[in-house]
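Take the sequence shown: its letters are residues 18 to 127, numbered as in this note's numbering. Backbone N, C-alpha and C define an ideal beta-carbon position, used for all residues, glycine too. Notes follow the structure.
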Amino acid sequence: MGINVYLSVCIAICSIVAVWFYTKSNKLEAELVVVNASKNQTEANYNAVHKELELVKKAIEKNKADYETNMASYEEAMKNIKKEVKYIEVKTDDCKDVKNILDDIRNNGY
18 MGINVYLSVC IAICSIVAVW FYTKSNKLEA ELVVVNASKN QTEANYNAVH
68 KELELVKKAI EKNKADYETN MASYEEAMKN IKKEVKYIEV KTDDCKDVKN
118 ILDDIRNNGY
């Protein structure tokens with residue numbers, strides 16, 4: 018009779034352990050599904066960001082080429098600008114007249 022009790026206890030313990038392992042494996046499988054979904058979403062986000070980054074890099078390269086072209090034409094245009102500036106003499110009475118007009122606008126409005 019003693020062996021039957023030991024066998025019954027061993028079978029009960031093995032059954033409990035088997036149920037625990039089965040429950041744990043189901044939980045782990047559910048977690049694995051969630052982790053895989055999260056991983057797939059992360060990979061999709063990474064790919065989208067990577068594509069956007071490539072577009073930005075291409076735009077930067079295009080803008081750099083445009084900048085260099087525009088800068089070269091600007092420098093060429095600056096070389097062609099005359100360096101002489103002609104000054105016109107202003108009579109002192111003209112300055113007083115302009116000052117009087119400005120003072121009149123300030124005091125009386127437009």
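Check residue i in the structure and name its three-state DSSP category.
{"i": "Ile30", "result": "helix"}
{"i": "Ile77", "result": "helix"}
{"i": "Ile122", "result": "helix"}
{"i": "Ile20", "result": "helix"}
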